[in-house]
Amino acid sequence: MIGDNPWLDGLLRLLVIAVAIPLAVIVLNYLERKVIGRVQNRLGPMRVGPYGTLQAVADTIKLLTKEDVRPHSADRWTFELAPYVVVVPTVVALVTLPLTDDLFVRNLALGLFFILAVSTLSIVGLVMAGWGSDNKYAILGAMRSAAQLISYEIPLVMAAVAVAMVAHTPDGGRGSLDLVQLVDGQGRVPYIVWQPLAFFIFTVAALAELYRQPFDIPVAESEVVGGPFVEYSGMRWAMFMMAEYVNLVLLSALTAIVFLGGWNWPLGNEVGPALQVPLMAIKTALFILFFFWARAILPRLRIDQLMAYSWQVLLPLAFYQIIANGLVLVYDWPDVVLGVLSGAGAVAAMLLTYRMVRRPAPVRRPLAVAAASTREVRV
Amino acid sequence: MASTAPQHRHELETIDLHINVGPQHPATHGVFRMVLTVNGELVEDCDPVIGYMHRGNEKLPENCDYRQIIGYHDRTDYLAQFNTEWTYCLAVEKLMGLEVPERAEYIRVILGELNRVASHLMWAGAFGTDVGFFGTPFMYAFREREVIQDLFEAVTGERMMYNYFRPGGVAWDVPDDFEEHCRYVVDHVRRGLDDLDALMTDNEVFLARCRGLSPVTPEQAINWGLSGPMLRACGVKHDLRRAEPYSIYDRFDFEIPVGTQGDVYDRYLVRMEEMRQSLRIVEQALKQMPKNGPIMAEGLKRVLRPPAGEVYARTESPRGEYGVYIVSRGADKPWRHKVRGASFCNLSALREMVVGNYVADAIIILGSIDIVLCEVDR
């Protein structure tokens, strides 16, 4: 606790979060453009400030001063409230996200549940934005995001539940939703080793939750031109973007905590805060970079393909993971069994994904060698 | 694709949603517009609207003399300028019975084939963006296209409206280092194509989106008058360079890539392979090209006056059959001038290909046609 007064303590911690988030958004925006620029064989922003470092600041100023346009036929209250409905839940979810064993606003016993439940509420804002804009692209995008949510959210929660089931608690028991306990329980071996299948499901679902390629279906630029955001400008549009990046930090940090041992692994539970912060930052950055990289190199799936994949592959495998974990808990098998069962599931997941994609036929390279069946037509 | 419309549709009162894709939409590659009637995500009808870019590119040349018209052909298909100029020059040469010098023919073949590569590169990049890439194939493709553009700039002094071919030859000789420059371009582009291949061809998500999408049978393709890669993707081995060798195409050894299914993925593969074949032709042409010699037919007057008659010349442009029809009455201006645009004819099959697919696929199918709106609307 900072100081003796719990109120002061809470306020200070909130302040840290409130300052850190916009800063993180600005830095991440710059980083994303740089990273994707490098992948695409260009430099990214270079003009504003040394190496373009001030580009994000310039953009923020531009967005703040830009006119806030509301279409004449828009549903006023729905349209204007939507950005807040998107931003608030993502920020509220940060309240219980621990960055080290002491750096959080309030650690809840149901922390994992709280984060997953609250961050899902953003979808209401997206649907409101789509409906309120009175734009067909927007409504199409909003409907897509709702359809996408019910597809990815269930496997995401199931994967998290599977890990929470087998988490070690300080009293020697199993099962915890407390994020600090989740980290401490991992000790020397992070849960990614024991639960690779859950990790796979969680990461894929997180990509979908972040609306990043290959799951940027609701905001698809070449189809629905930004989807629910199409009519927004200025600060309201910036709020959607902020929610997107806050979500990015949130899910990356959550993955690092749940699967990569958070601020402990591989240095053990006794490391001080001086090492915990960089350790946590590195792991979070790893996932953030993964999400950037996915955006740079992957095209987009179709909404029905995403739904089929989520319901037919991810969800059954998530159930398998839960059942396997349940068996291990009931019969008190060692953790190695957990790893083997989950590893087999992960291999199955990859094989199924591969088969789903390649199902119609193997890659055909018909060219240059004209098959006997092709006809030569002279006109 | 079988209709997946819900069965209870007629019990509930629903209205169809009309979505206006374009004329200002990132996926229409210009000022094309299609009105989609959708039921949820399913396209039930598609109404293409063209004409936003109409500039009278067929009528205007009827008031210009034969040399001024070349520039108008640059402006029809602005991604395959050399090919369009070439077609027009072929028409005039046919009408006048001109013999084009050897060296000029080789220059034309090299530039025309490189222009095909540049055009297909542009298509591959834009198509990648349609499929949902965040611009990465676009950047890769443009890196290679830029190298080709540099060569064109060195030869013609222009980056877009080259105006370099003339009836009877080419306007001026190529720079001294033309051959090395071309070899550099070919090597560079070949490596770049491998990059593009690695990024897109076997990409799982790309496969899932493109394979089996809107397959076209050879019969349909011929009935609709498709040409170029769109036709060859269906398995019809028809390429004007082979079927009706104009210029000096009978001297080169190259394959005609064909697809088997006529789906979007086949169209992609055909175009990728065509680029490689074009590079092969360029290499052979560089080897055979005479080091010096005339580049313009002898005895041409300043103002061309072809004899009365009519002529239709056609070539294999990157998008398909590009044809020019000219009626001359012996004056210094054509009496009638008509263009057959390849992408205009290919675009006419859009409705049949799109209806019954999802909105997201409609965008990809439109992209796979490779339209150039200046050529569609003329």
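Protein chains in written order, with numbering that gives the first Met the number 0: chain R, 0 to 378; chain H, 0 to 377.
Backbone N, C-alpha and C define an ideal beta-carbon position, used for all residues, glycine too.
The beta carbon of residue 300(R) falls within 8 Å of a beta carbon belonging to chain H, placing the residue at that interface.
By the rule that beta-carbons nearer than 8 Å mark a contact, residue 198(H) touches chain R. A distance below 8 Å between beta-carbons, with the five flanking residues on each side excluded, links residue 53(R) to the following residues of its chain, in chain order: 47. Rounded to whole angstroms, the Cβ separation of residue 318(R) and residue 157(R) is 7 Å, and the two are in contact under 8 Å. According to the DSSP assignment, residue 332(H) belongs to no alpha helix (DSSP H), since it is labelled neither H nor E. Residue 108(R) and residue 176(R) have their C-alpha atoms roughly 6 Å apart.
Shown here, residue 108(H) sits in a helix according to DSSP, grouped into three states. In this structure, the alpha-carbon of residue 279(R) lies about 37 Å from that of residue 200(H). If you draw a straight line from the Cα of residue 51(H) to the Cα of residue 288(H), it is about 42 Å long. Put simply, the stretch 326-339 of chain H does not touch the stretch 349-358 of chain H. Fewer than three CB pairs are less than 8 Å apart. The criterion of a C-beta distance shorter than 8 Å is satisfied by residue 234(H) and residue 258(H). Your pair residue 188(H) and residue 143(H) checks out as a contact, with CB atoms roughly 5 Å apart and the cut at 8 Å. From the listed residues 332(H), 373(H) and 365(H), the smallest Cα separation to residue 45(H) is found for 365(H). Looking at the DSSP output, residue 18(H) sits in a beta bridge with 35(H). Pairing residue 103(H) with residue 141(H), the inter-Cα distance amounts to about 28 Å. Contact annotation: the stretch 236-252 of chain R does not touch the stretch 161-175 of chain H, with fewer than three C-beta pairs closer than 8 Å. Of 237(R), 69(R) and 270(R), the smallest CA-CA separation from residue 186(R) is found for 270(R). Collapsing the DSSP output to three states places residue 60(H) in a helix.
In the three-state reduction of the DSSP assignment, residue 265(R) falls in the coil class. Here residue 73(H) is buried: its Cβ has 16 or more other Cβ atoms, across all protein chains shown, within 10 Å.
Among the residues facing chain H, residue 39(R) is included, as its CB has a counterpart in that chain under 8 Å away. Here residue 246(R) is buried. Its C-beta has 16 or more other C-beta atoms within 10 Å. Counting along the chain, residue 187(R) sits inside no alpha helix (DSSP H), nor does DSSP assign it H or E at all.
At a cut-off of 8 Å between beta-carbon atoms, residue 362(H) makes contact with chain R. Secondary structure of residue 154(H) (DSSP, three-state): helix. A straight line joining the alpha-carbon of residue 333(R) with that of residue 201(R) spans about 24 Å. Look at the stretch 109-179 of chain H and you find no whole run of beta strand (DSSP E) that is 3 residues long or longer.
Contact between residue 216(H) and residue 296(R) does not hold, since their C-beta atoms are separated by about 34 Å, which reaches or exceeds 8 Å. Taken atom to atom, the span from the alpha-carbon of residue 331(R) to that of residue 174(R) is near 13 Å. Rounded to whole angstroms, the separation of the alpha carbons of residue 68(H) and residue 90(H) is 12 Å. For residue 129(R), the secondary structure class from DSSP, reduced to helix, strand or coil, is helix.
The C-beta of residue 354(R) comes no closer than 8 Å to any C-beta of chain H.
Rounded to whole angstroms, the Cβ separation of residue 126(H) and residue 267(H) is 7 Å, and the two are in contact under 8 Å. Where residue 47(H) is concerned, the enclosing beta strand (DSSP E) starts and stops at 41-48.
Contact between residue 62(H) and residue 377(H) is ruled out by a C-beta separation of about 16 Å, above the 8 Å threshold. Residues of the stretch 164-191 of chain R with a Cβ closer than 8 Å to any Cβ of chain H: none.
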